[in-house]
Amino acid sequence: MIHDSIIRERLVTGDKTAADVTRDIARPILNQPSTAWKVGFTLSVIFLGIFAVSLFYTLWTGIGVWNINKSVMWGWDITNFVFWVGIGHAGTLISAVLLLFRQKWRMSINRSAEAMTIFAVICAAMFPVFHMGRVWVGYWALPLPNGFGSLWVNFNSPLLWDVFAISTYFSVSLLFWYIGLIPDIATIRDKVTTKGAKFWYGLFSMGWTGSTRTWARYELISLILAGLSTPLVLSVHTIVSTDFATSVIPGWHTTIFPPYFVAGAIFSGFGMVATLLVVARKVMNYENYITIGHLDAMTKIIMVTGSLVGIAYLTEFFIAWYSGVEYEQYAFLNRAFGPYWWAYWSMMSCNLIAPQVFWFKWCRTTPWFIFIMSIVVNVGMWFERFVIIVTSLHRDYLPSSWVMYSGSLTEVGLFLGTFGIFFTCFFLFAKFLPVINMAEVKSILRNRE
Amino acid sequence: MGHGHHIEIKQENFVVPDKAKRFAIILMVLGLVLTGVGMATLGGSSSHSHEAVAESHAEHSDHAPATEAHSEVEGHDHQAAEAHAEEHGNMENEQFGPRAGFHAEEKPAMTRFWANLLVVGFYFLMIGLCALFWIAVQYVANAGWSTAFKRVPEAMMTFIPVPFVVILLAVLVAKTDLYHWAHYEHLHLSAGDAGYDKVLDGKSGFLNSGMLIGFPTVLVAIWYFLGRKLRGLSLKEDAATKGDVSFFKKSIRFSAGFAVLFGFTISIIVWLFIMSVDAHWYSTIFGVYNFISMWVTTISIIALFVVYLKKAGYLHLVSDEHIHDLGKFMFAFTIFWAYVWLSQYLLIWYAHIPEEMYYYQIRFEDYKANFLGNLILNFCVPFLFLLMRSAKRFRPLLVTIAVTMCLAHYHDIWFNVFPGVFGPGMQVGFLEIGIYMTFAGLFVYWVLTALSKNGLVPVNHPYLEESAHHDVGV
């Protein structure tokens, strides 16, 4: 925009021209993979192997190899499920909500964040699917006529809403990501030299010509998809929260859960985006595209959403006391001072207290520090789900059924293994597709003149 | 597309037109007349001595220990005790029931007047605070587009002390009638006494008269101080040399401070003034719910003032583009209001726990029209209209929707308070309409006067140029 205020920082630094953008961003695709890429990819595949082994053991022996039991019937599995679904939220927020808010800084990061969303949702889906036990009849979760061997599903159950919400979210995110990719795939199509590459990039660019008419349609469909995706940012984690909040379990049944889960999801999603991009910008030499200004903006969002989550923690704790309901009061005291106190205080310190360092400019603009903090955020958000699920379940209304729970080696292996799925996908993405939206970034090169 | 041509930036000095003054005064006078009519039809106040109160509390006591105590006091005669037990058996079903603990007929008739002051005070207090929050959010988010009309929320913010004094007046005079817990506090009961209420006793660390007055006073004072500071910086910037961004940078700091403090504390005000009306009831999202209801109202009011000032020939930098975006915000937060409404309703309905459920039971069974009307007018109507692009750009339609939203969200707050204070059988009448009109007139007069005191255009704001060329793109 010509009239951007002089005090706005440039979104792309280093006086890049449109040709520079194409060259820089297409480089990893057109060249042989770097050593860093090979090392990272190998590590990811090793973790993918851990997943395969753990899953095989689970399927071969049965769900009994997990430590979940009669009281804690949801443990690491659902913790991991909510963890990964949450991470998936930043992509849609960046691509849809920030598009509606005309936040142009999103253009350098939306592509990779959307990719991350898709991979995170795949990781998330593993847990409820394999928790079902008999995965081969997993399609019974869909509303199919009884003739298929299933029983008609219960539409009153939030677990069914989850099936709809997550599959819708996955489809729309995939569509959004792919449509955004089309012009860039066409650019790559015109650059690659081998016959195979020409064919595949040509196929997926769907005959993109770059005419004014196709651009006009492209912009329109982006806006429409953004409009459709925005409610999805809210709906998915809202429905995940209702898995808990529609129950009458102390610590789960509380009305603030829907927006609080959404805020937590965006918080964890941005944590993961920061983890990936701080490394990617360095390794792939994209410091002029993903600038310190981008990191500054992301850390501010982390701070805001972390504080929102913090407000929810404090509100829950206060209202548990205020309600006068002894079960609620006990559930919260047990969280903070019971046998799982360490999980609770990890959650509190990682999610509410730690992000407050971003009040200081140095903390918002120092990449290695942001990287450490982004890991802290991810750890904190995993603990949040663990706290919500395990501390509320392990002591229920009947003291005779009180138990302790800790994940078995298989459960830990499955969790670590999903990082293998996630990073394997991400490294493949970084090799074969442009991680920054070239077409959009070109439109903001001269944002100051 | 707005950025093709040069726009000249000049200061504007708003003079309140006589017509606008007349409008505000007529609104106030008409409001006072209706208030008078409403008061005249209230009827005489019934007496309520302390003993009667204690007794009534014991009769409608919420907890089992109280029943035993009660039986001891009155149940000498065996037969009478049995009869009483039976009677209590019926009551027990209603211990959290919709009709427990209200006794509207025992409250002085004036209670309705004070309850209205609480509602109107809360409504305009929140509008002032949300206007301030709007300013703060624009600064911390580095938003440029809204700069051209930033004097409007600044002027709205100056109203904060007036409604706050009104709330204080209402709670100081009538707290024992407005709040069941204040009534209970007054009785000084301890465990074992007739009418002892374990739940209310447990809350007394928070729900007590000192907190009710003290906490909000301190918070509103700090918020208002920060608001004045932000307005001061904004006005000083007008006189500064061109290109001096020191005021702007300072404003970002104060805005961040305010936004955080406000975010962490606003729920406390809502709990004390509004949620505690239903003394036994609780909902963690209640603070968010009330905030969003008033936030979307505030955006509608900003839009109304902007449209008015445009019509009166001011705000030359503001165009349809800005109004369109205000309309989008009204639309977005209308949906968000419905989302928060549903979060509370769905979860309480689904779990069906008596302690929570009675809140909706009374609001649905005894106030069906209000319950459904509230949802239709606050969500369905603005949602369906604001979907259209033309509704956001055709000013008469936008104004109609904005006014509807202001009224409907007033009803929303009224509906949070009145069934809680009076139980079943209340309705919006002359008194409610009159008091709302009086304060609306005062608010309009106050804001227009505040707007006329300083320049309407923040001429040295670093984002003004950007705002002047704002364009929604499609």
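Protein chains in written order, with this note's numbering: chain A, 28 to 476; chain W, 112 to 585.
The C-beta atom is built at its ideal place from N, Cα and C for all residues, glycine as well.
Exposed or buried, Glu246(A), counting other C-beta atoms within 10 Å across all chains shown (16 or more means buried)?
exposed
Taking CB distances under 8 Å as the criterion, tell me whether Asp270(A) reaches chain W.
no
Taking only beta carbons into account, state which residues of the stretch 341 to 359 of chain A come closer than 7 Å to chain W, listed in chain order.
Thr342, Glu343, Ile346, Tyr349, Ser350, Gly351 and Val352
Is the Cβ-Cβ distance between Val406(A) and Tyr367(A) less than 8 Å?
no
Could you name the residues of the same chain whose beta carbon sits closer than 6 Å to that of Trp452(W), not counting the 5 residues immediately before and after it, in chain order?
none
How far does the alpha helix (DSSP H) with Asn527(W) in it reach, from first residue to last?
Arg506 to Phe533
Closest to Thr152(W) by CA distance: which of Tyr295(W), Val371(W), Phe224(W) and Met237(W) is it?
Phe224(W)
For the stretch 296 to 310 of chain W and the stretch 325 to 343 of chain A, state whether three or more C-beta atom pairs, one from each stretch, are separated by less than 8 Å.
no
Just reading off the alpha helix (DSSP H) that Asp323(A) is part of, what are its end residues?
Ile319 to Ser350
Is there a Cβ from chain A that is less than 8 Å from the Cβ of Gln455(W)?
yes
May I ask you to report which of helix, strand or coil DSSP gives Asn137(A)?
helix
What is the C-beta distance between Ser262(A) and Ala192(A), in whole angstroms, given that I count them as a contact (C-beta under 8 Å)?
6 Å
On the three-state DSSP scale, how would you describe Gly149(W)?
helix
Is there contact here, the stretch 80 to 94 of chain A with the stretch 432 to 443 of chain A, by at least three beta-carbon pairs under 8 Å?
yes
To which residues does DSSP link Asn124(W) through a beta bridge?
Gly566(W)
Could you tell me whether the stretch 394 to 408 of chain W touches the stretch 545 to 556 of chain W, using the rule of 3 or more Cβ pairs below 8 Å?
no
Does any C-beta atom of chain W lie closer than 8 Å to the C-beta of Val275(A)?
yes
Enumerate in chain order the residues of its own chain whose CB-to-CB distance from His158(A) is below 6 Å, with the five nearest sequence positions on each side excluded.
Asp104
Give me the Cα-Cα distance between Ala252(W) and Lys43(A), rounded to the nearest whole angstrom.
27 Å
Leu318(W) beta carbon less than 8 Å from that of Ala390(W):
yes
Proximal residues of chain A, C-beta to C-beta of Val399(W) below 8 Å
Ile283 and Pro286
Going by the CB atoms, is the gap between Phe233(W) and Phe336(W) shorter than 8 Å?
no
Spell out a yes or no on whether the stretch 207 to 219 of chain A and the stretch 446 to 463 of chain A are touching, meaning 3 or more CB-CB pairs, one atom from each, closer than 8 Å.
yes
Please state whether DSSP places Pro219(W) in a helix, a strand or coil.
coil
How many whole angstroms separate the CB atoms of Thr302(A) and Ser198(A), which I take to be in contact at a CB cut-off of 8 Å?
Actually they do not touch by this definition, with Cβ atoms about 26 Å apart.
From what residue to what residue does the alpha helix (DSSP H) around Leu495(W) run?
Val492 to Leu497
Within the continuous alpha helix (DSSP H) that includes Leu75(A), where are the two ends?
Thr62 to Thr88
Neighbour list for Asp31(A) in chain W, Cβ cutoff strictly below 7 Å:
Glu577
Distance, His264(A) Cα to Asn173(A) Cα:
30 Å
Closest to Pro382(A) by CA distance: which of Lys222(A), Asn58(A), Phe413(A) and Lys327(A) is it?
Lys327(A)
Given that His580(W) touches chain A, what residues does it touch there, using C-beta distances under 7 Å?
His30
Cβ of His280(A) less than 8 Å from any chain W Cβ?
yes
Closer than 6 Å by C-beta to Phe359(W): which residues in its own chain qualify, once you throw out the five before and the five after it? Chain order, please.
Pro573
Is there a Cβ from chain A that is less than 8 Å from the Cβ of Glu466(W)?
yes
Quick check on Asn204(W): buried or exposed, where buried means 16 or more other Cβ atoms within 10 Å of its Cβ?
Because the pLDDT of Asn204(W) is 40, which lies under 50, any placement of that residue in the model is unreliable, and the question is left without a value.
With a threshold of 8 Å between beta carbons, is Lys309(W) in contact with chain A?
yes
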